[in-house]
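In terms of our numbering, the sequence shown has 439 at position 14, counting the first letter as 1, and numbering is strictly consecutive.
Glycine included, each C-beta is placed from N, C-alpha and C at the ideal position.
All values reported here derive from a predicted model rather than from experimental measurement.
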Amino acid sequence: MGHTASSNLNVLVFVGSLRRQSYNRGLVNAILESPEFKASGIKAHVPNLGEIPFYNQDYEDDKSKIFKWVLDIPEVVNDLNKLCIKSQLLLFATPEYNSSITPTVKNAFDWLSRPSPIYENKVPVFGKRAAAMSTSYISQLQLNDCVKMGNYRKL
Numbered sequence: 426m427g428h429t430a431s432s433n434l435n436v437l438v439f440v441g442s443l444r445r446q447s448y449n450r451g452l453v454n455a456i457l458e459s460p461e462f463k464a465s466g467i468k469a470h471v472p473n474l475g476e477i478p479f480y481n482q483d484y485e486d487d488k489s490k491i492f493k494w495v496l497d498i499p500e501v502v503n504d505l506n507k508l509c510i511k512s513q514l515l516l517f518a519t520p521e522y523n524s525s526i527t528p529t530v531k532n533a534f535d536w537l538s539r540p541s542p543i544y545e546n547k548v549p550v551f552g553k554r555a556a557a558m559s560t561s562y563i564s565q566l567q568l569n570d571c572v573k574m575g576n577y578r579k580l
């Protein structure tokens, strides 16, 4: 079998709902379980966003002009950073919560939009390709705002 470009593609998937039977989780699962996706060789990573602690700027030293982390970053956040660093595409699947994206997606984005100590203090999300799926037009608009801020290249 020949080597294809998609076989090297890593996708980091953000499912915004923590509910086991959410429509967005179902949509992601349907895609990942489809014969076409399985045959593509694309590697998808779907972290449990409910395990990620709330972002807190106290982790950062905001008194110096040199960015540095002053508290130990939670291991689950380092794992998320590693997944983001090795992924070429970020896929957001989120419902609308109170006319916005879910707190879990926003929290993950907050962590990934900060310089990462495991990535030479570069920002893991900058310059990534991003795509959004949502059962709500309003949450897609909110995701677009995050995408613009993160210097993503939208698909």
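Within the region 443 to 510, complete beta strand (DSSP E) segments of at least 3 residues are found at 468 to 470, given in chain order.
Taking a 10 Å sphere around the C-beta of Arg539, we find 16 or more other C-beta atoms and assign the residue as buried. In terms of Cβ geometry, Leu508 and Arg554 do not form a close pair [threshold 8 Å]. In the three-state DSSP reduction, Leu515 falls in the strand class (E or B). Annotation: Phe534 is outside any beta strand (DSSP E); the continuous alpha helix (DSSP H) that includes it extends over 528 to 537. With respect to Ser561, Glu500 sits apart: the two C-beta atoms are not nearer than 8 Å. In this structure, Ile456 sits away from Leu434, with a CB-CB distance that is not shorter than 8 Å.
Ser541 sits in a strand when the DSSP states are folded into three classes. The beta carbon of Ser525 sits closer than 8 Å to those of Lys531, Ile563, Ser564, Gln567, all from its chain and outside the five residues before and after it, given in chain order. A straight line joining the alpha-carbon of Leu505 with that of Ser459 spans about 25 Å. For Ser564, the secondary structure class from DSSP, reduced to helix, strand or coil, is helix. Following the DSSP letters along the chain, one finds Asn435 inside the beta strand (DSSP E) bounded by residues 435 to 440. Where Ser559 is concerned, the enclosing beta strand (DSSP E) starts and stops at 554 to 559.
About 4 Å separates the Cβ atoms of Ala518 and Asn449, confirming a contact at the 8 Å cut-off.
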